[in-house]
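Student: Oh and the sequence shown: position 257 is 305 in the working numbering, straight run, nothing missing.
Below you'll find the structure I mean.
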Amino acid sequence: MKVALITGVTGQDGSYLAEFLLEKGYEVHGIKRRASSFNTERIDHIYQDPHTNDKNFILHYGDLSDSSNLTRILKEVQPDEVYNLGAQSHVAVSFESPEYTADVDALGTLRILEAIRLLGLEKKTRFYQASTSELYGEVQEIPQKETTPFYPRSPYAAAKLYAYWITVNYRESYGMYACNGILFNHESPRRGETFVTRKITRGIANIAYGLEACLYLGNMDALRDWGHAKDYVRMQWMMLQQEQAEDFVIATGKQISVREFVRMSAKEAGIDIEFSGVGIDECATVLSVNNDLAPGVTVGDVVVRVDPRYFRPAEVRSLLGDPSKAKAKLGWVPEITVEEMCAEMVASDLDKAKRHALLKGHGFDISVAREN
Ligand code: NDP
Ligand code: GDR
Numbered sequence: 049m050k051v052a053l054i055t056g057v058t059g060q061d062g063s064y065l066a067e068f069l070l071e072k073g074y075e076v077h078g079i080k081r082r083a084s085s086f087n088t089e090r091i092d093h094i095y096q097d098p099h100t101n102d103k104n105f106i107l108h109y110g111d112l113s114d115s116s117n118l119t120r121i122l123k124e125v126q127p128d129e130v131y132n133l134g135a136q137s138h139v140a141v142s143f144e145s146p147e148y149t150a151d152v153d154a155l156g157t158l159r160i161l162e163a164i165r166l167l168g169l170e171k172k173t174r175f176y177q178a179s180t181s182e183l184y185g186e187v188q189e190i191p192q193k194e195t196t197p198f199y200p201r202s203p204y205a206a207a208k209l210y211a212y213w214i215t216v217n218y219r220e221s222y223g224m225y226a227c228n229g230i231l232f233n234h235e236s237p238r239r240g241e242t243f244v245t246r247k248i249t250r251g252i253a254n255i256a257y258g259l260e261a262c263l264y265l266g267n268m269d270a271l272r273d274w275g276h277a278k279d280y281v282r283m284q285w286m287m288l289q290q291e292q293a294e295d296f297v298i299a300t301g302k303q304i305s306v307r308e309f310v311r312m313s314a315k316e317a318g319i320d321i322e323f324s325g326v327g328i329d330e331c332a333t334v335l336s337v338n339n340d341l342a343p344g345v346t347v348g349d350v351v352v353r354v355d356p357r358y359f360r361p362a363e364v365r366s367l368l369g370d371p372s373k374a375k376a377k378l379g380w381v382p383e384i385t386v387e388e389m390c391a392e393m394v395a396s397d398l399d400k401a402k403r404h405a406l407l408k409g410h411g412f413d414i415s416v417a418r419e420n
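So this is what it looks like as C-alpha cells:
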C-alpha cells in the first residue's frame, strides 16, 4: 500500500486529493492546523474514527512554519509521496500579510524538502509542489506555458516563485523526485468563499433567496483560465507517477472575465442581468427573473456593484494557460467545462441559500453576511 502525506488537506484541493488517493488504495496522511473551532468541514465525510483499527486516513496537527513538527511527521509517516498543497493561498490577503505568506508559502516548502533530505528519504519520497499561474503575473507571452518567463505581481506570487525554484533546485542538487504543477485557477463547490468564483455563486444564491441585496466585487475585467479542482488533483497524482520528475502547466486553454462569470452564474439562478456604467460606477441590473428559482429577486433590482476595496495594489489582468505538454506527455485533458463547473457551484450554493431562507422563514436568526 502506498503512503501519501498531504499538507493543506483541509483545503479545497487537499480534500479532493485525499478522496482520490483513498479511492486508489493509498494510506493517506494529512496535516491540519490547530484552530479554535472545527476546520475539517471539507474532509468530514471521509473522517475515520481514530479508535477503530485499519484506518487509512490519518490526520496530524502541524504547521508549515514549524520545521521540527514537519520533520517529526515525515519521520513517522515515511511517505512515498508528499503533496505540498498547504499555503496562505489568497493573493489579496498576501498584500496584508506578506511576511507570513513568505514564511509559509516559500520557507514552508524549503522546510519539507530539507526534512526529506535530512531524514535520508530523498530516494524514497516523491514531492509535488503546488505552483501557480500567478508566477506569470504581468504576462510575457500568450498563452503561458512551461517555458514562459515569470513576473510575479504579489507577495503571494513572489513567495511561490521561491517555492518553485527551490523545488527545481532540490531535484537538480540531490536527485530528488520533486516537481511543480503550475496550476491555473481551479474551483468547485468547495472553493473558499472569498475567491471570486465562489464569492459570486454564493452571493448570487443569497440574492436569489432574498438573503442579501447586492454583491460587491473588485476588478470585473480580470480574465482567468478557470478549471475544476477535481480534474486538477488527478493531474497532481499523475505528475508523481512518471519515470522522471518534470514540471507541467495545468490549464483549460480558455479564459473568461469575472464579469462573464457573474452573468453565467446569475443565468444559472434564473436571473438575466445587464451591466451598465464604467469603472467604479459599473453595476448589474435585473432584466428578467424566474421567480421559481430566485423568489427574492425583482426586475430592476441592482444586484452587483463595484467596491474599490477589492482592487489589489498590483493586479494580474489576464491569464491563459497552454496545457499541451500535459496532454502530450501524460494524456491529461480537463473533463469539466467552466459552464458545467459554474452550474454545479450555483446549484450547491442555491441549495444552501434555500435552507437558510427556510430557517429564517421559521423565525431562526440566520446571518449570511461575511467579510469578503
Ligand atoms: P485553500 O486555501 O483552499 O487551502 C489551503 C490549505 O493550506 C488549507 O488546508 C489551509 O489550512 C492550509 N494552510 C494554510 N496555512 C497553513 C500553514 N501555515 N501550515 C499548514 N497548512 C496551512 O487552497 P487550494 O486548495 O485552493 O489550493 C491548494 C494549493 O494550490 C495552495 O498552495 C495554493 O496556493 C495552490 N494553488 C491553488 C490554485 C487554485 O486555483 N485553487 C491554483 C494554483 C495553485 P486551513 O484549512 O486551516 O486554513
Ligand atoms: P486569484 O483568484 O487571485 O487568481 O488566485 P481570485 O479568485 O481571488 O481572483 C481572481 C480575479 O478576480 C478579481 N476579482 C476579485 N477577487 C476576489 N477574491 N474578490 C473580489 O471581490 C474580486 N473582484 C474581482 C481579482 O482581482 C483577480 O483578478 C487564485 C488563488 O487560488 C491562488 O492561490 C492561485 O495560485 C491562483 O488562483 C492561480
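Even for Gly, the Cβ is constructed at its ideal location relative to N, Cα and C.
Out of Ile321, His108, Glu363, Leu406, which has the shortest C-alpha to C-alpha gap to glutamate 124?
Tutor: It is His108 whose Cα lies nearest to the Cα of glutamate 124.
Student: Tell me the DSSP bridge mates of serine 145?
Tutor: Its beta-bridge partners do not exist; DSSP assigns none.
Student: Look up glycine 78 in the DSSP assignment and say whether it is helix, strand or coil.
Tutor: DSSP places glycine 78 in strand when its eight states are reduced to three.
Student: Please name the residue, chosen from Thr245, Trp274, Val337, that lies closest to isoleucine 321 on a Cα-to-Cα basis.
Tutor: The residue with the shortest Cα to Cα distance from isoleucine 321 is Val337.
Student: Can you tell me where the alpha helix (DSSP H) holding tyrosine 64 begins and where it ends?
Tutor: Per DSSP, tyrosine 64 belongs to the alpha helix (DSSP H) from 60-71.
Student: Are aspartate 279 and isoleucine 414 closer than 8 Å when you measure CB to CB?
Tutor: The answer is no: Cβ separation not under 8 Å.
Student: Mind the definition here: the segment 358-374 touches the segment 128-146 only if three or more C-beta pairs lie below 8 Å; say whether that holds.
Tutor: Contact holds: three or more Cβ-Cβ distances are below 8 Å.
Student: Could you round the C-beta distance between histidine 261 and alanine 401 to whole angstroms and report it? I think they count as a contact, below 8 Å.
Tutor: It is alanine, not histidine, that sits at residue 261 in the sequence shown. Contact flag wrong, Cβ pair sits at about 14 Å.
Student: Please state whether DSSP places cysteine 262 in a helix, a strand or coil.
Tutor: Of the three classes helix, strand and coil, the one that applies to cysteine 262 here is coil, per DSSP.
Student: So, are the CB atoms of proline 343 and glycine 258 less than 8 Å apart?
Tutor: Contact flag set, yes.
Student: Would you list the residues sitting across from aspartate 370 in a DSSP beta bridge?
Tutor: Aspartate 370 is not bridged to any residue.
Student: How many Å lie between methionine 312 and methionine 389 at the Cα?
Tutor: C-alpha separation (whole angstroms): 11 Å.
Student: What three-state label does DSSP hand tyrosine 109 in the structure shown?
Tutor: Note: tyrosine 109 maps to strand in three-state DSSP.
Student: Please go through the segment 266-337 and give each complete alpha helix (DSSP H) segment of 4 or more residues, from N-terminal end onward.
Tutor: Counting only runs of 4 or more, we get 277-287, 306-316.
Student: Quick check: the segment 197-209 against the segment 94-110, are at least 3 beta-carbon pairs closer than 8 Å?
Tutor: Result no; under three Cβ-Cβ pairs closer than 8 Å.
Student: Looking at leucine 112 and glycine 134, is the spacing between their C-beta atoms short of 8 Å?
Tutor: Their beta carbons are under 8 Å apart, which means glycine 134 touches leucine 112 by this criterion.
Student: In three-state terms, what does DSSP make of threonine 157?
Tutor: Helix.
Student: Under 7 Å: does the beta carbon of alanine 140 sit that close to some heavy atom of ligand 2?
Tutor: Checking the Cβ of alanine 140 against ligand 2 gives yes.
Student: Does the distance from the CB of tyrosine 184 to the CB of cysteine 227 come in under 8 Å?
Tutor: Cβ distance not < 8 Å, so tyrosine 184 and cysteine 227 don't count as in contact.
Student: For the alpha helix (DSSP H) containing asparagine 132, list its first residue and its last residue.
Tutor: Here asparagine 132 belongs to no alpha helix (DSSP H); instead the beta strand (DSSP E) covers 129-132.
Student: Under a Cβ-count criterion, where at least 16 other Cβ atoms within 10 Å of its own Cβ denotes burial, should tyrosine 64 be classed as buried or exposed?
Tutor: Tyrosine 64 comes out buried.
Student: Using the Cα positions of phenylalanine 425 and histidine 99, report the straight-line distance between them to the nearest angstrom.
Tutor: As displayed, the chain neither begins before 49 nor continues past 420, which places residue 425 out of reach and without an answer.
Student: Looking at the structure shown, is asparagine 254 part of a helix, part of a strand, or coil, going by DSSP?
Tutor: Three-state DSSP puts asparagine 254 in a helix.
Student: Among the candidates Gln290, Val297, His93, Tyr222, whose CA atom is the shortest distance from the CA of alanine 374?
Tutor: Alanine 374 has its Cα closest to that of Val297, out of Gln290, Val297, His93, Tyr222.
Student: For arginine 82 and alanine 395, I'd like the C-alpha separation in whole angstroms.
Tutor: Going from the Cα of arginine 82 to the Cα of alanine 395 covers about 32 Å.
Student: Is it the case that the segment 189-206 contacts the segment 239-247, given that we only count it when at least three CB pairs across the two stretches are under 8 Å?
Tutor: The segment 239-247 vs the segment 189-206: no contact.
Student: By how many angstroms is the C-alpha of glutamate 291 removed from the C-alpha of leucine 265?
Tutor: The alpha-carbon atoms of leucine 265 and glutamate 291 are separated by roughly 45 Å.
Student: Measure from the alpha carbon of glutamate 75 to the alpha carbon of each residue in Tyr95, Arg90, Asp61, Thr88, then state which is nearest.
Tutor: Among Tyr95, Arg90, Asp61, Thr88, the Cα nearest to that of glutamate 75 belongs to Tyr95.
Student: In three-state terms, what does DSSP make of alanine 135?
Tutor: In the structure shown, alanine 135 sits in coil (DSSP, three-state: anything other than H, G, I, E or B).
Student: Check whether the Cβ of leucine 112 sits closer than 7 Å to any heavy atom of ligand 2, and report yes or no.
Tutor: Not so, every heavy atom of ligand 2 lies at least 7 Å from the Cβ.
Student: Considering only residues of the same chain and omitting the five flanking positions on each side of threonine 300, which have a CB-CB separation below 6 Å?
Tutor: Correct list, in chain order: Asp273, Gly275, Pro382.
Student: Specify the secondary structure class of arginine 90 as computed by DSSP and reduced to three states.
Tutor: Of the three classes helix, strand and coil, the one that applies to arginine 90 here is helix, per DSSP.
Student: List the endpoints of the continuous alpha helix (DSSP H) containing threonine 180.
Tutor: Careful: threonine 180 lies outside any alpha helix (DSSP H), inside the beta strand (DSSP E) at 174-180.
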